[in-house]
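Some notes on the structure that comes next.
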Amino acid sequence: MRATKLIIVAAMLGVPAASAGAQNRTDPYAHNAIERGQFSEAEASLRAQLLVEPAKPELLLNLAAIYARTNRLEQAEALYARVMAGEDVSLLLRPDYALGAHAIAQRGLRKLDVQRTAGR
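Going left to right, the sequence shown walks through residues -20 to -1, 1 to 100 as mature numbering (1 follows the signal peptide of the UniProt record, and there is no 0) numbers them.
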């Protein structure tokens, strides 16, 4: 695995997120918009960033989580699959807690299964 990075998909997957002060000022992963529930703004930001960095797991995971939250389960699943097909990088979810991108994607996929079951 390469160096640990900061990602804020944690809250959507049931892991307490890092404080806003720990975030990059430019907010490349749309953490602030996600935290405020501004999913349209966050989605637009993440999609624009994915044009520049199409395989970046931090972007893919956050966009997948937004899709899951907005009941676009197939799109979320496709993004989680893209993460699983890529390198399993270590991502810092909080200052004291890191997890691999694949493990986060697997957790997201399990949550999609629960959503699908609940929706039946």
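Even for Gly, the Cβ is constructed at its ideal location relative to N, Cα and C.
According to the DSSP assignment, Ala22 belongs to the alpha helix (DSSP H) that extends over Phe19 to Val32.
DSSP places Arg87 inside the alpha helix (DSSP H), whose first and last residues are Ala81 to Ala98. Cβ-Cβ distances below 6 Å link Arg62 to Leu40 in the same chain, with the five nearest sequence neighbours on each side left out; the list follows chain order. Relative to Val32, the option among Tyr9, Gly17 and Ala45 whose CA is nearest is Tyr9. In the displayed model, Ala78 falls within a strand according to three-state DSSP. Secondary structure note for Arg52: it is in no alpha helix (DSSP H), with a DSSP letter that is neither H nor E.
Membership of Ala13 in the alpha helix (DSSP H) is indicated by the continuous run His11 to Glu15.
A contact is defined here as three or more CB-CB pairs under 8 Å, and the segment 68 to 76 fails this definition with respect to the segment 42 to 51.
The Cβ neighbour count for Ser20, taken over all protein chains shown within 10 Å, is under 16; the residue is labelled exposed.
Spatial neighbours of Ala83 in its own chain (CB-CB distance under 6 Å, excluding positions within 5 residues in sequence) are not present. Restricting attention to Asn51, Thr6 and Ala22, the CA atom closest to the CA of Lys91 is found in Asn51.
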